[in-house]
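The letter at position 172 of the sequence shown is residue 597 when you use this note's numbering, and the numbering goes up by one with no holes. Think of the CB as a built atom: it goes at the ideal place given N, C-alpha and C, for glycine as much as any other residue. Since the structure is predicted, the reported quantities are computational estimates derived from the model, not experimental observations. Worksheet: one structure, shown below.
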Amino acid sequence: MNIHGIEIDDELYKHFLQFLSDSEIDALFLSITRPPRRYYIRVNTAKTTREELIGRLRARGVTAYPDERFDDALWMPVEGPFKIPTARKRVVVDKKAAESVMMGADLYAPGVVKTDHVRRGEEVNVVSDNGVVVAFGVAVSDSDEVMKTRRGLYIRVETSLYKTPKIRDLPEYRDGLFYSQSLPAIAVGHVAKRAGAATAVDLNAAPGGKATHLAQMDMRVVAFDRSWPKIERLKREVERLGLAGNIDVILHDSRYVDRDFPRLRADLALVDPPCTDIGVRPKIYHRVTMEMAKTLSRYQLQFLKTALKIASNVIYSTCTLTYIENEDVVKKSGAVPADVGLDVGGPGWGCPECRRFLPHVHDTPGFFIALLSRR
Numbered sequence: 426m427n428i429h430g431i432e433i434d435d436e437l438y439k440h441f442l443q444f445l446s447d448s449e450i451d452a453l454f455l456s457i458t459r460p461p462r463r464y465y466i467r468v469n470t471a472k473t474t475r476e477e478l479i480g481r482l483r484a485r486g487v488t489a490y491p492d493e494r495f496d497d498a499l500w501m502p503v504e505g506p507f508k509i510p511t512a513r514k515r516v517v518v519d520k521k522a523a524e525s526v527m528m529g530a531d532l533y534a535p536g537v538v539k540t541d542h543v544r545r546g547e548e549v550n551v552v553s554d555n556g557v558v559v560a561f562g563v564a565v566s567d568s569d570e571v572m573k574t575r576r577g578l579y580i581r582v583e584t585s586l587y588k589t590p591k592i593r594d595l596p597e598y599r600d601g602l603f604y605s606q607s608l609p610a611i612a613v614g615h616v617a618k619r620a621g622a623a624t625a626v627d628l629n630a631a632p633g634g635k636a637t638h639l640a641q642m643d644m645r646v647v648a649f650d651r652s653w654p655k656i657e658r659l660k661r662e663v664e665r666l667g668l669a670g671n672i673d674v675i676l677h678d679s680r681y682v683d684r685d686f687p688r689l690r691a692d693l694a695l696v697d698p699p700c701t702d703i704g705v706r707p708k709i710y711h712r713v714t715m716e717m718a719k720t721l722s723r724y725q726l727q728f729l730k731t732a733l734k735i736a737s738n739v740i741y742s743t744c745t746l747t748y749i750e751n752e753d754v755v756k757k758s759g760a761v762p763a764d765v766g767l768d769v770g771g772p773g774w775g776c777p778e779c780r781r782f783l784p785h786v787h788d789t790p791g792f793f794i795a796l797l798s799r800r
């Protein structure tokens, strides 16, 4: 069935019906197609203070507000939705590019699926590969050159469905003064801080948000990922943020670190494994089946069981909303849930110590956090 462009099968729908009503499921999936009203960044407190960064951003015309709960979080309002002007030319882009462009990002060549013949200076509509018009902009390169080289900026976006400040163009970003990160993901770092850990292992570290957050809190972090491109991106983030002294980055399948690194021990482990991504916002479209969720839950449990062998406390988090990938994985791990100590989000489904962030209730990305201890 298709709910506001989010396709799920009957079995997964019935799975959600165990915890939500029909109207709640509809509201949930509608909210996934829209961004939260707040766009969050995390202040890199290893390099600056929140007050200093607010001042520097405002001097550049970017208004940022301090979060009410976390002392290293800032947010900026998300504007929209806007009416997109109509252009004669169209550029079709993939899902990932469309979801970025609809928030105001410019379009780069790698995201283009196909394009009309466009000359530099011509107006175009940027359209997702399922037909949704996400932006209006002006070409800064000829289409022939873009499709030949598949590199560089193609469309400078002037009007998008939604708008956030283009903060990655700022010197403060290049200088590593902040990291773009959602509120629930920032919350994970504060759960780790309250746990009193001095050392941590991140089993699913790329792109680096949680590992670098712990590092800027002066924790010593070992960061694993099995993908070489992701490891390279993680290393770039660590360098940009100036945190190389606190993080060791290792290319490895972390499901087996207890076997391959038998001496590895830490106060805390982070597990944020691959998931069905239902909570990521905004989405142009998405397709998930119950079988996909079941397969991923088995994969997630492997990471979690390994983490519990190398650390006495583990933070398990996902950016999805199914019970089978969240509370059920926690239950099957045999670990003991502890109170995460957060006053944001809501209790888990059948796990009051856990924390769930529901997009239609909390206006955040969908997210799950559990703090676990070995029995």
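#### Entry: Coarse secondary structure for residue 528, derived from DSSP in three states
coil
### Message
Please give me, in chain order, every unbroken run of the alpha helix (DSSP H) with length at least 4 that falls completely inside the region 748-797.
### Response
752-758 and 784-787
### Rounded Cβ spacing between residue 680 and residue 725 (contact assumed at less than 8 Å)
In fact, because the Cβ distance is near 10 Å, the residues do not count as touching under 8 Å.
### Task
Decide if the region 537-546 is in contact with the region 592-605; the criterion is three or more beta carbon pairs, one per stretch, under 8 Å apart.
no
### Query
Are the CB atoms of residue 640 and residue 611 nearer to each other than 9 Å?
Against a cut-off of 9 Å, the Cβ pair of residue 611 and residue 640 comes out as no contact.
#### Entry: residue 638 versus 468, 557, 760 and 562, residue with shortest Cα-Cα distance
Distances from the CA of residue 638 to each of 468, 557, 760 and 562 were compared; the closest alpha carbon is that of 468.
### Query
What is the DSSP secondary structure of residue 583, reduced to helix, strand or coil?
strand
### Query
For residue 750, which residues from the same chain have a beta carbon less than 7 Å from its beta carbon, with the 5 sequence-adjacent residues on both sides left out?
The residues are 700, 701, 718, 721, 722, 725 and 743.
### Query
What is the DSSP secondary structure of residue 654, reduced to helix, strand or coil?
The answer is helix: DSSP assigns residue 654 an H, G or I state.
### Query
Going along the chain, which residues of its own chain have a beta-carbon closer than 7 Å to the beta-carbon of residue 652, five neighbours each way excluded?
Shown here for residue 652: same chain residues with a beta carbon closer than 7 Å to its own, the five before and five after excluded, namely 631 in chain order.
### Query
From residue 760 to residue 622, what distance separates their C-alpha atoms?
18 Å
### Task
Per DSSP, which residues does residue 738 bridge with? Please list them.
693 and 798
### Query
Do the CB positions of residue 694 and residue 736 come within less than 9 Å of each other?
It is a contact, given that the beta carbons lie within the stated cut-off.
### Message
Quick check: residue 502 and residue 784, are their CB atoms within less than 9 Å of each other?
### Response
no
### Residue range of the alpha helix (DSSP H) that includes residue 596
596-599
### Task
Rank 540, 459 and 738 by C-alpha distance to the C-alpha of residue 619 and give the top, closest one.
The shortest C-alpha separation from residue 619 is found at 738.
#### Entry: Candidates 732, 773 and 613, of which the one nearest residue 497 by Cα
613
### Query
The alpha helix (DSSP H) spanning residue 565 covers which residue range?
That residue, residue 565, is in no alpha helix (DSSP H); it is neither H nor E in DSSP.
#### Entry: Nearest residue (CA-CA) to residue 661, options 642, 634 and 713
Distance from the Cα of residue 661 is smallest, within the candidate group 642, 634 and 713, for 634.
### Message
What does DSSP give as the partner residue(s) for residue 578 in the beta ladder?
### Response
533
### Message
Taking the straight line between their C-alpha atoms, what separation do you get for residue 598 and residue 665?
### Response
9 Å
### Task
Determine, using beta carbons only, whether residue 538 and residue 561 come nearer to each other than 9 Å.
no
#### Entry: Contacts around residue 874, its chain only, beta-carbon distance under 7 Å, and the 5 residues preceding and following it disregarded
This structure leaves residue 874 out entirely; the chain is present only between 426 and 800.
### Query
Per DSSP, which one or two residues make a beta bridge with residue 627?
648 and 695
### Query
According to DSSP, is residue 680 helix, strand or coil?
helix
### Message
Using the three-state DSSP reduction, which class does residue 728 fall into: helix, strand or coil?
### Response
helix
### Message
Count Cβ pairs between the region 549-560 and the region 504-519 that sit closer than 8 Å; are there 3 or more?
### Response
Below 8 Å, enough C-beta pairs join the region 549-560 and the region 504-519 to call them touching: three or more.
### Query
residue 438 by DSSP, collapsed to three states: which one?
Helix at residue 438.
### Task
Going by DSSP, name the residue or residues bridged to residue 671.
DSSP, once it has assigned bridges, lists no residue as partnering residue 671.
### Message
Given a cut-off of 9 Å on the beta-carbon distance, is the pair residue 698 and residue 628 in contact?
### Response
yes
### Query
Looking only at C-alpha atoms, which of 800, 549, 707 and 465 sits nearest to residue 567?
549
### Query
Hey, which unbroken runs of the beta strand (DSSP E) at 3 residues or more fall wholly within the region 436-502?
Segments of the beta strand (DSSP E) lying fully in the region 436-502: 463-468 and 498-502.
### Task
Below 6 Å CB to CB, which residues in the same chain sit around residue 456 once its five sequence neighbours on both sides are set aside?
784 and 785
#### Entry: Helix, strand or coil at residue 722 [DSSP, three-state]
helix
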